[in-house]
Structure formats: structure tokens, C-alpha cells
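2 protein chains.
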Amino acid sequence: MDWREARRRGARATIVSSAWDLVREEGLPALSLRELARRSGITTPTVYAYFESKSAIYDAMFGAAAEDCAGWMADPVDTRDPVADLTTDVRRFVEFCTADIPRYQLLFQHTIPGFSPSDQAYAPAVRALERTRQLLRRSGVSDPRYLDLWTALTTGLVDQQISNDPGGTRWSRLIDDAVRMFVAYCHDPQSVDAGQRPASSESA
Amino acid sequence: MDWREARRRGARATIVSSAWDLVREEGLPALSLRELARRSGITTPTVYAYFESKSAIYDAMFGAAAEDCAGWMADPVDTRDPVADLTTDVRRFVEFCTADIPRYQLLFQHTIPGFSPSDQAYAPAVRALERTRQLLRRSGVSDPRYLDLWTALTTGLVDQQISNDPGGTRWSRLIDDAVRMFVAYCHDPQSVDAGQRPASSESA
DNA sequence: GTCTATAGCTGGATAGAC
DNA sequence: GTCTATCCAGCTATAGAC
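Line by line, the protein sequences are chains A and B.
Residues in the first sequence are numbered consecutively from 282, following our numbering.
Residues in the second sequence are numbered consecutively from 282, following our numbering.
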């Protein structure tokens, strides 16, 4: 392995780390190359020695965050209770997302005007989704429609938690309910009509 | 009613309308007072004759969009089938959100750095939520926790539809499933364990 | 690779004449 | 209320010496 290349990677990683520190404090759109250079102890042109544009920095930040996400979610959860494993998985996901909102915005919302991640930076997210797919399979859910329903449910919890109760637990504490609701329906979607119990009171 | 005041309101409304045209084309963060003035047929200082700051323009835009939302959702849905009414309501909501993504971003995501809506601009959103609460009640759901679960589920569908399949129907076509899943669980949350059916195949 | 210096542009907001 | 003219600040990105 080339030492020069290793040095270069290290310098890039330092800049990306400073960039994350910056946006955590100032917000995702507040990333500026001047301030980034200042915090990294270098000057703006030097930043361009490592990244060809601001967008390339966002891409490297995206890649690092996606790796963090994959690592955070990767711990084994196999307790021989598939539903409990699913619950653990969502809990981890919600914790990961709510712990760092700018990171969530870059990874899962498309809030930066010109930026979309490269395939390389996006790869860990694909792996994470595949892992979720397998967890669902072990719980007896394999219909791809239900995988979509699952991602809607979990990102909805995260989204509401972040948007309407940042730092709180108003939605994250609903994870157990959400998972049980989801699994029950996917296991027996037809049975729901039998349980219908329309309210008789109150109209218009 | 004062004619001067009416004129003033009309001019303000024109500017706000131009602002929405602009962000629909260029994206929410691309709103600039220069371009807004140009499109409105006036100059930048004149904008300041009607709005004291850029943030005030965002606030007026928010208020207009919130009124649009309330109006869009307000049509009666009473078909004497509460669950069908709920489904109609979600369908309307998803259509409203996906029809105009910058509008969705301003209303429901908090993506503009310094901006948060005034209480006045926010009021229609409160009314809409109250209406949803009543619809849920008519379906036999009154636990506030389940209202939160409901908002998570519906915004999750919108969020995934916009983020991962803009212009498509990959998530919006799951609305029926989502509503039935939700109602079934809320009507009988305890029954779900009975339906457990862990998959025996496949491990690690 | 790293710097100084700066180009080139766009932004929000204001002064002051009319 | 509306304009012309402008201030001042910030930004990305580059030129060119070392």
C-alpha cells in the first residue's frame, strides 16, 4: 500500500470529519468551504486539492454517514424471536436518525439543491435495506409491497419524531405498537374486516 | 373596509403567488428577493414595502399553503363508512403533498434554516389535524397515541413516495393496506399475538 | 500541496430622490 | 410606494508564487 495514498485518504477523512462537525453545529445548508477550511486548519484552495467541488464534499460526507449507518445497524440481533429482532432493528434505526438530524437530512431527505449521492456513496444504504428485507423474511413477511409499507412506517416514525418532538420520545415510544401492528397485518391481511367495529356515536 | 388595505392585501397576495411559482420551478432554497421582484414586475425595495424581511415572505407563503391544505382536505367525506372516509382522507392528503414538493417541504419539513412559521400561519394546520382526530374518532380510534401512530403512518407514505418514487404510485397505492392495518390494530391491539406465525425457514 | 490574493458572482437589505 | 444606486457580506472557485 502506498504511503502517499494513505496520507491522502487520512487528510480527506479529516476534512470530512470537520465538515460533519460544522454542519452538526450550523445546519446542513450552512456548510461553506471557507469555514470548513478554517476548522480543518488549512485554506480554501487546499480543500480543492482533495475535493474537486463542494458537491464532492457532500458526497464524501454522504458516504461516511452511510457507512456509519450500516455499522450502527449491523450488530447481530438474532434472538430466535423474529418480531423482537425487528423491533430492535427499528429502535436502532430511530436512534441513529434522531441522534444527528443533519445526518438524517443528508442521508434520507433530498434537501441539498444540486446534490445527489454517487452510486458508491449510496452502496451501504442498499446493503442496509437488504438486511431489513431479510429480517422481514424471517418474520414471515416477503411480499415486496409490505417491505415498502415497512419503510413508510419506520421513516414516518422518524420523521414525526424529528419534526414535531425533537429530543423527545413521543413517536419513538410507539415502535412496539408499530411493529406489532405491521406484523399482525402482514401475517393475516384478510382477517381485519372481521374485527371491524365502527363507532356508532358522533356524526358530522 | 378600507380600499387601501384591500389594495395592499392584493399586492401582497400577488407577490406570494409569484414566490410560489418561483420555488416550484427552482426549489425552495432558491427563493431570492431579486428574482422574486423581477417576476412580480417590481424591484427589490418595493418588496420591502410589503414584507419586512425574506422570512416574512416565507411566513406568508406558509400561511397560503396551509390555507390551501385546509381547503383541499375540507370537502365532506361522510359516506357512513368511517374507514372508507379515513381512506379518502389519506388519499387526499397524499395527493396534496405529492402534487407540489416544495410546498410539502415548507409545510411539513423544516428545511429552511432560520424560519419557523408564526402561530397565525400555522393555524390552518392545527385545524386540519383536529379534523383528522375527529375522523379517527368516528372510526373508533380515540387514543392520542394512536393519533400519533396515524400521523407517522401517513407522513411516512408521503415521505417515501416523494423521496424514492416521485411522480409514481409505489407508496400511494399502499394507502388501502395502511388504513386497514391501522384500524385493525387500533380496534383490537391485543389480538395480534394470537396471529403470530414466525417463519421456520432461513436463518442468519 | 500549500499558500496569498482575488476574480466573479449573488445574496439580503438600505439610502434617498421622486 | 416606487424607483435608481449601492453597501456590505458571503459564496465557490481559480491563478500563480513557493
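Beta carbons are placed, not taken as given, at the ideal position from N, Cα and C, and that holds for glycine.
Alpha carbons only, please: which of 445/B, 387/B, 389/B is nearest the one belonging to residue 433/A? 445/B
Please specify which runs of the alpha helix (DSSP H), each continuous and at least 4 residues long, are wholly inside the region 423 to 451 of chain A, giving them in chain order. 425 to 445
Whose Cβ in chain A lies nearer than 7 angstroms to the Cβ of residue 310/B? 310, 394
Of all the CB atoms in chain A, is at least one closer than 7 angstroms to the CB of residue 404/B? no
How is residue 333/B classed by DSSP in three states: helix, strand or coil? coil
Output, in sequence order along the chain, the residues in the region 454 to 467 of chain A whose CB is closer than 9 angstroms to any CB in chain B. 454, 455, 458, 459, 461, 462, 463, 464, 465, 466, 467
According to DSSP, simplified to helix, strand and coil, what is residue 358/B? coil
When the Cβ atoms of the region 433 to 443 of chain A are set against those of the region 364 to 380 of chain A, are three or more pairs found closer than 8 angstroms? yes
Give the residues of chain A in contact with residue 412/B, contact being defined as C-beta atoms less than 8 angstroms apart. In chain order: nothing, as chain A lies at least about 12 angstroms away.
Checking contacts by CB at 7 angstroms: is residue 471/B closer than that to chain A? no
Taking a Cβ distance cut-off of 9 angstroms, strictly less, list which residues of the region 412 to 437 of chain A are near chain B, in chain order. 415, 418, 419, 420, 421, 422, 423, 426, 427, 429, 430, 432, 433, 434, 435, 436, 437
Assuming residue 405/A and residue 351/A make a contact with CB atoms under 8 angstroms, what is their CB distance in whole Å? 4 angstroms
What does residue 452/A reach in chain B if we use C-beta pairs closer than 7 angstroms? 429, 433
Using CA coordinates, which residue listed in 360/A, 314/A, 374/A, 304/A is at the minimum distance from residue 437/A? 374/A
By the DSSP assignment, the alpha helix (DSSP H) with residue 462/B in it spans what residues? 456 to 468
Whose C-beta lies closer than 6 angstroms to the C-beta of residue 369/A among residues of the same chain, with five residues either side of it excluded? 358
Give the range of the alpha helix (DSSP H) segment to which residue 365/A is assigned. 363 to 379
Nearest to residue 346/A by CA position, among 385/A, 360/A, 429/A, 466/A, is which residue? 385/A
Give the DSSP-derived three-state secondary structure of residue 299/A in the structure shown. helix
If we ignore side chains and look at the alpha-carbon of each, how far apart do residue 291/B and residue 319/A end up? 47 angstroms
Name the chain B residues that come within less than 8 angstroms of residue 400/A, Cβ to Cβ? Within chain B, no residue comes near residue 400/A; the closest Cβ sits about 15 angstroms away, beyond 8 angstroms.
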